[in-house]
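Here our numbering = 1-based position in the sequence shown + 615.
A virtual CB, placed ideally from N, CA and C, is assigned to each residue, including glycine.
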Amino acid sequence: MVVQDRRGGGTVAVAMACGTGLAVGLLTSGCSPDGAAADDQEPAGRAAPAAAEVRDSADALVRAGSAAVRTSMETVSGGTRVAIRGTGGYDFATSTGRLRVVLPDPAGEPRGGHQPITEILAPGALFMKNRGAGVPADKWVRVATAALPDGNLVTGGATDPLTAAELLRGAREVTYQGEEWLDGVRVRHYRGTADIAAAAAAASPRTAPALVAAEDGFTTDEVPFDVYLDDAGRLRKVRQWFRFANGAPQGASVTSTTELSRFGTKVAVRLPDERDIYAGKIASPTP
Numbered sequence: 616m617v618v619q620d621r622r623g624g625g626t627v628a629v630a631m632a633c634g635t636g637l638a639v640g641l642l643t644s645g646c647s648p649d650g651a652a653a654d655d656q657e658p659a660g661r662a663a664p665a666a667a668e669v670r671d672s673a674d675a676l677v678r679a680g681s682a683a684v685r686t687s688m689e690t691v692s693g694g695t696r697v698a699i700r701g702t703g704g705y706d707f708a709t710s711t712g713r714l715r716v717v718l719p720d721p722a723g724e725p726r727g728g729h730q731p732i733t734e735i736l737a738p739g740a741l742f743m744k745n746r747g748a749g750v751p752a753d754k755w756v757r758v759a760t761a762a763l764p765d766g767n768l769v770t771g772g773a774t775d776p777l778t779a780a781e782l783l784r785g786a787r788e789v790t791y792q793g794e795e796w797l798d799g800v801r802v803r804h805y806r807g808t809a810d811i812a813a814a815a816a817a818a819s820p821r822t823a824p825a826l827v828a829a830e831d832g833f834t835t836d837e838v839p840f841d842v843y844l845d846d847a848g849r850l851r852k853v854r855q856w857f858r859f860a861n862g863a864p865q866g867a868s869v870t871s872t873t874e875l876s877r878f879g880t881k882v883a884v885r886l887p888d889e890r891d892i893y894a895g896k897i898a899s900p901t902p
């Protein structure tokens, strides 16, 4: 898939999949929520309904300030699992983050010796370094997220953590699955679906444009999810399943997982200078 980002008189054509782009080109079939049947009971002693607690998790993250981030995007084809993985940090106060994203090779394993992509997430924009043939090593590629068919929920290979949380503002049919332990932290596990249009209407001004763009990017507005919240209502882990409407094989789907930890950790994100942003055409990388 080729996306054009128009800045002033310039045009940036970006191939957004591994081999022929980042996430969309990997999609073939088969990701869906699994696990035991949902338990309709609310957590003992919790006054707020399950759906309300899930919808409020984005506010809890903003109160937390910042966090360390781990991401993964996975697809399964013919029994072969393919994954794009990222690590970094995110500042919820400024809606900016920095990730180191590792692409898979055709066999589904990280490329030996392949330099990871550096991604900077910002309101309305995704910046990528080491992305695309012909781009100078010291230059960044900039993409307007609202111009992407999915609002960059999956196209860039990692879901913006705040966008992943804001998508939960459209949570419905939420059921409580019980308490679990996640990386040594006791969490409450919820399962349900999120409506993209409802989330876009309720989202903050920083995230709403991306969710509005995503409304037409998938075969359905309904996004199944599993979410894990700690005692402060903060999102510790969320797994979301997306199914594409256009530009991907019939039934193509992708699983996006975002994990947060070390809340309050210092995250320094500096946006690239305009002179460091590449304004030429970017060729699709070869596998």
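Whole angstroms are fine: how far does the CA of residue j sit from the CA of residue i?
| i | j | result |
| --- | --- | --- |
| V838 | E781 | 13 angstroms |
| K881 | T711 | 12 angstroms |
| I811 | K754 | 34 angstroms |
| Y805 | G895 | 45 angstroms |
| A653 | P664 | Bear in mind that a pLDDT of 39 at A653, under 50, signals an unreliable position, so the number given afterwards is only what the model happens to contain. Between A653 and P664, the C-alpha separation is close to 15 angstroms. |
| F707 | A814 | 18 angstroms |
| P764 | S868 | 15 angstroms |
| Y843 | E734 | 25 angstroms |
| T872 | M743 | 20 angstroms |
| P887 | D671 | 32 angstroms |
| L783 | Y791 | 15 angstroms |
| I732 | A698 | 14 angstroms |
| T870 | T770 | 12 angstroms |
Between residue i and residue j, is the Cβ-Cβ spacing less than 8 angstroms?
| i | j | result |
| --- | --- | --- |
| S687 | R700 | yes |
| R787 | T808 | yes |
| V717 | L741 | no |
| D841 | V802 | no |
| R715 | G704 | no |
| L736 | L850 | no |
| G766 | L826 | yes |
| V669 | V800 | no |
| G848 | A817 | no |
| G749 | P824 | no |
Could you tell me if residue i is buried or exposed, where buried requires 16 or more neighbouring beta carbons within 10 angstroms of its beta carbon?
| i | result |
| --- | --- |
| R890 | exposed |
| G879 | exposed |
| G793 | exposed |
| E795 | exposed |
| R678 | exposed |
| Q855 | buried |
| R885 | exposed |
| G832 | buried |
| T778 | buried |
| R835 | The question names Arg, but residue 835 in the sequence shown is Thr. By the neighbour-count rule (16 or more Cβ atoms within 10 Å), T835 is not buried but exposed. |
| A883 | exposed |
Can you tell which of the options has the C-alpha that lies nearest to the C-alpha of residue i?
| i | options | result |
| --- | --- | --- |
| T760 | L783, T822, T790 | T822 |
| D798 | D831, A762, K852 | K852 |
| E689 | D888, A883, F857 | F857 |
| Q730 | P738, N745, P719 | N745 |
| I892 | P751, V684, A666, G680 | P751 |
Rounded to whole angstroms, how far is the Cβ of residue i from the Cβ of residue j, which I believe are closer than 8 angstroms?
| i | j | result |
| --- | --- | --- |
| S876 | A682 | 6 angstroms |
| L566 | A673 | Residue 566 lies beyond the stretch modelled for the chain, which goes from 616 to 902, so this question has no answer here. |
| E874 | R685 | 4 angstroms |
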